[in-house]
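Note that the working numbering has the sequence shown beginning at 15, numbered continuously upward.
Each residue gets a CB set at the ideal place from its N, CA and C atoms; glycine is no exception.
See below for the structure under consideration.
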Amino acid sequence: MGISFWHIVIVVLVVVLLFGAGKIPRLMKDLGSGITAFKKGLKQDEPAGEQPAGTDPAKPQIPSPAPSAEKKTEEAVRRT
């Protein structure tokens, strides 16, 4: 059981009834321009293999702990 020819015909008729024959070409044009803009945006992004300048891929940067975390660690060490 798949999509038959008659299913497609019914869907097209419903779309024409809902939007009207005049709006469909405009909707398709807007959809096409949206897809084109999306592809253009993907091309403008930097490739996935490149790293931002100043970063070494062999050395991951570890963020420094928050000051409150350092104080809590120092207090825990003093207690022991």
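Check: DSSP-derived helix/strand/coil call for S82; Outcome: helix
Check: Assigned secondary structure, I49 (DSSP; H/G/I helix, E/B strand, else coil); Outcome: helix
Check: Distance, V91 Cα to I76 Cα; Outcome: 22 Å
Check: Integer-rounded CB distance, given that L41 should sit under 8 Å from F52; Outcome: With a Cβ gap of about 16 Å, F52 and L41 do not count as contacting.
Check: Sub-8 Å separation of V25 and I38 beta-carbons; Outcome: no
Check: I24: first and last residue of the uninterrupted alpha helix (DSSP H) it sits in; Outcome: 19 to 33
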